[in-house]
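Structure record follows, encoded as structure tokens.
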DNA sequence: GCCGTTTTCGGCCCGACTGTTTTCAGTCG
């Protein structure tokens with residue numbers, strides 16, 4: 049079994065153990081192991097053969113055995129038995145908000161619930177409300193969760209989440225009680241998809257802020273409203289959380305709620321190593337339980353919640369920024385995009401964090417479409433829009449003839465377009481230089497949709513897969529590699545063909561494609577369309593270290609899609625890329641030289 | 001189940017909110 053399959057099984061084991069009410073740390077060990085395996089960069093077979101699997105952090109003796117067994121035999125008795133002991137429909141119950149392993153176990157043991165359907169019936173019959181520890185509200189919430197589970201479980205593409213967050217953030221910042229406001233969470237970290245929105249506000253008077261937040265336009269439902277935290281469900285199903293903290297806690301809270309969870313765990317461990325305790329409240333000297341017991345015996349018995357557990361205690365650092373928190377733990381500032389526990393803490397400790405690419409580093413983009421194929425804007429309109437964005441150059445790469453569904457250009461139309469582009473450049477109408485390219489289909493057998501004579505007339509050539517998605521991984525990988533070996537090819541478009549939340553990537557061995565790109569001196573595109581963000585950020589760090597050159601391309605089919613390059617920059621940052629790794633961080637003259645046009 | 005030059009056993013990040021309770025468990029992030 050391959051690595052991805054084993055990762056899935058380890059994750060599945062974690063879920064099953066959760067339902068069985070196993071030790072939470074054991075469950076975490078399986079999830080950690082899955083993640084450790086997933087980010088293993090070497091070939092799994094080689095690591096196993098070399099006996100080095102146990103050296104991977106998070107993979108101990110038991111997991112070495114299980115992973116090896118799965119790798120060699122495709123089967124694992126432990127997993128088979130575990131799976132058989134849990135009814136099939138049970139795992140889906142974990143998706144219902146408010147239901148965790150303990151409640152699910154109770155529902156199963158007392159009412160025989162083992163699927164969404166039987167749970168719904170039990171709620172409707174009133175049996176759930178009668179259970180100890182349950183009640184009418186719980187039953188109602190479960191029913192609501194069942195009714196909305198598709199919308200509630202849905203993730204959202206980063207761009208959409210960003211667009212939803214902007215007006216909320218602006219609204220918060222306009223309130224007079226608000227000193228500072230930021231969005232945190234996976235949105236701030238630039239994940240390709242976002243589960244919910246997290247807003248952080250610094251203020252001494254939370255009340256009116258909570259009122260505004262829970263009653264703003266677009267709120268369908270208020271799911272929580274407290275003194276420091278409120279949650280709402282927006283009309284499109286997106287959940288938004290707001291936390292209001294005193295100004296002196298703002299950056300601790302911002303760091304905490306930016307995550308990722310794994311990054312936070314590492315940061316807290318690091319704090320503990322220094323005799324400190326890090327939380328959203330601040331950074332404090334580690335204490336024993338004196339404080340808590342004192343509070344119980346004390347005279348003023350406030351409700352324990354809503355009280356800062358650290359009381360009047362002074363944090364060891366007065367954080368005026370997140371950088372101050374990192375500094376207190378002997379780390380350089382780590383940009384949010386890197387906070388995934390993928391080596392950023394070690395790099396920050398050594399002072400080896402990359403200087404990440406920014407929007408301002410981009411001087412132009414390749415791979416865009418016009419009305420000649422399936423774009424919605426003309427050549428002139430696209431050029432004007434690119435110039436308005438401050439670009440020095442704009443690459444036009446309309447589809448080739450095999451993409452007939454997208455009105456792909458044949459040889460004749462392509463020649464006419466090239467001529468038109470040359471004439472436009474010569475006319476001096478725009479300062480933005482247009483590059484004449486093509487997005488040439490990689491045919492099923494790996495040959496290209498145009499012959500060499502035609503390819504030679506182009507300024508550059510993007511090659512992409514647009515059909516026969518169901519090839520085997522082996523065939524698809526060979527198909528793409530064959531295209532990359534072609535001398536007139538400049539770059540590979542959207543490597544996996546995925547459409548986020550819509551279409552799975554086709555089967556392809558990404559490391560092998562990266563090897564081929566490196567071996568042949570080709571670029572791999574970071575397709576910046578919010579639906580694609582392909583090649584995935586998880587592969588860029590390692591690939592760029594090996595010298596792979598990236599091109600950030602909006603794949604714009606309309607003028608207002610050119611700005612998608614920003615999503616590409618964010619994704620590139622997440623992949624640890626600097627401007628040196630990216631072709632379109634070079635000025636026009638340098639790009640022309642690279643393309644052999646200088 | 002993982003991990004460790006303070007430990008091979010006993011820890012494992014930390015706090016808020018809800019709904020159910022009468023002092024707290026479960027869930028969530």
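In this note's numbering, the protein residues as written are 49 to 646.
Idealized CB from N, CA, C, for every residue including glycine.
Query                                                                                                                           : Result
Close beta carbons around residue 266, own chain, < 7 Å, minus the five adjacent residues each side                             : 282, 283
Length of the line joining the Cα atoms of residue 49 and residue 121                                                           : 7 Å
Same chain only: Cβ atoms within 7 Å of residue 127, ignoring 5 sequence neighbours per side                                    : 57, 61
Cut-off 6 Å between Cβ atoms - residues of its own chain near residue 238, not counting five sequence neighbours on either side : 385, 618, 622
Spatial neighbours of residue 114 in its chain, beta-carbon cut-off 7 Å, leaving aside the 5 residues before and after          : 124, 126
Beta-carbon proximity list for residue 241, same chain, < 7 Å, skipping 5 on both sides                                         : 203, 204, 205, 206, 548, 549
Length of the line joining the Cα atoms of residue 599 and residue 511                                                          : 13 Å
Inter-stretch contact at 8 Å, needing at least 3 Cβ pairs: the stretch 302-317 / the stretch 251-264                            : no
Bridge-paired residues (DSSP) for residue 277                                                                                   : 291
Beta-carbon proximity list for residue 603, same chain, < 6 Å, skipping 5 on both sides                                         : 415, 575, 577
Burial state of residue 551 (16 or more Cβ within 10 Å)                                                                         : exposed
Through-space distance from residue 320 to residue 348, alpha-carbon basis                                                      : With a pLDDT of only 31 at residue 348, under 50, the local geometry of the prediction cannot be trusted, and the value read off the model is given with reservation. Roughly 30 Å separates the two Cα atoms.
Residue 503 and residue 488 closer than 9 Å at C-beta                                                                           : yes
Contact belief for residue 434 with residue 480 at Cβ below 8 Å, rounded distance in angstroms                                  : 5 Å
Cβ-Cβ distance between residue 539 and residue 572 below 9 Å                                                                    : yes
Cutoff 7 Å; reference residue 387; Cβ partners in own chain excluding five residues on either side                              : 237, 306, 307, 308, 311
Endpoints, beta strand (DSSP E) assigned at residue 216                                                                         : Looking at the DSSP string, residue 216 is not in any beta strand (DSSP E); the run it does join, the alpha helix (DSSP H), is 206-222.
Inter-residue spacing [alpha-carbon to alpha-carbon] between residue 408 and residue 634                                        : 11 Å
Cβ pair count under 8 Å reaching 3, the stretch 555-570 against the stretch 65-84                                               : no
Any alpha helix (DSSP H) of 4 or more consecutive residues that is wholly inside the stretch 96-151                             : 109-121, 125-132, 138-141
Inter-stretch contact (C-beta, 8 Å, three-pair minimum) for the stretch 89-109 and the stretch 149-168                          : no
Residue range of the unbroken alpha helix (DSSP H) whose run includes residue 441                                               : Not the alpha helix (DSSP H): residue 441 falls in the beta strand (DSSP E), residues 441-444.
Under the three-state DSSP convention, the category residue 164 falls into                                                      : helix
Cβ-based neighbour list, residue 494, same chain, cut-off 6 Å, excluding 5 preceding and 5 following                            : 527, 530, 531
Of the listed residues 190, 419, 174, 249, nearest to residue 140 (C-alpha basis)                                               : 190
Environment of residue 482 [buried if 16+ CB atoms lie within 10 Å]                                                             : buried
Same chain only: Cβ atoms within 7 Å of residue 271, ignoring 5 sequence neighbours per side                                    : 279, 280, 281
Alpha-carbon spacing of residue 497 relative to residue 537, whole angstroms                                                    : 12 Å
Under 9 Å between C-beta atoms of residue 196 and residue 102                                                                   : no
Three-state secondary structure (DSSP) of residue 343                                                                           : Confidence at residue 343 is low in this model, with a pLDDT of 34, below 50, so the placement of that residue should be treated as unreliable; the coordinate-derived value is given next. Helix at residue 343.
Every unbroken beta strand (DSSP E) within the stretch 293-340, with a cutoff of 3 residues, ordered by chain                   : 324-327, 330-333
Environment of residue 499 [buried if 16+ CB atoms lie within 10 Å]                                                             : exposed
Residue nearest to residue 98 in terms of C-alpha spacing, selected from 106, 112, 86                                           : 112
DSSP-derived helix/strand/coil call for residue 475                                                                             : helix
Burial state of residue 25, where buried means 16 or more other Cβ atoms lie within 10 Å                                        : Here the chain covers residues 49 to 646 and nothing more, so residue 25 does not appear.
Residue 185 versus residue 246 - alpha carbon distance                                                                          : 26 Å
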